[in-house]
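Chemist:
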Amino acid sequence: MTAAVSAIVATFVTFPLLPWLLICFVLLRWQPKQKAIRHASDWTLPFFLLAVVFICHELWPGHGAWLAIIFIAVLTVSLLLFMHWIHPTGTPKKKTTAAWRSLFLIAGLLYLFLLGAAFLDRVVFA
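Numbering (the numbering used here), first residue to last: 2 to 127.
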């Protein structure tokens with residue numbers, strides 16, 4: 002049982018678009034399209050962040066994971082401060098949600114970029 006669960010989690014971390022598509026497909030049955038996409042994005046952000054950290058670790062074995070973690074932490078704090086600067090009177094929940102969704106977009110694009118870089122590194126330049 003634990004082997005099956007770990008295999009599922011490893012698959013979801015390796016291919017974070019898969020859980021996003023699955024969650025989106027399930028939520029589309031009960032929610033409007035825009036709301037389902039937002040909730041799927043909210044729930045799968047940790048998978049994208051872990052995938053970015055693991056790809057950085059594979060590309061740069063020495064310090065890649067730590068650099069990715071520090072970059073994500075600084076980016077998160079920067080987004081929260083930026084949201085507070087843009088909307089100083091907004092509620093903390095709205096600011097956090099906006100920063101969380103912005104981080105999803107950045108992590109998704111970073112994942113695709115690093116996936117392409119890893120492909121080039123392993124296949125083309127090998």
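Built from N, CA and C at the ideal position, the CB exists for glycine as well.
Which of helix, strand or coil does DSSP assign to T98?
Modeler: Helix, per DSSP.
Chemist: Spell out whether any CB of chain B is found under 9 Å from the CB atom of A41.
Modeler: Among the chains in the structure shown there is no chain B, since it carries only a single protein chain.
Chemist: Can you give the beta carbon distance from L104 to L60, rounded, assuming they're within the 8 Å contact cut?
Modeler: In fact, because the Cβ distance is near 21 Å, the residues do not count as touching under 8 Å.
Chemist: So the candidates are T90, A100, T45 and I70; which of them puts its Cα closest to the Cα of S79?
Modeler: The candidate whose alpha carbon is nearest that of S79 is A100.
Chemist: What number of angstroms, rounded off, separates the C-alpha of I56 from the C-alpha of A74?
Modeler: Taking the straight line from one Cα to the other gives about 17 Å.
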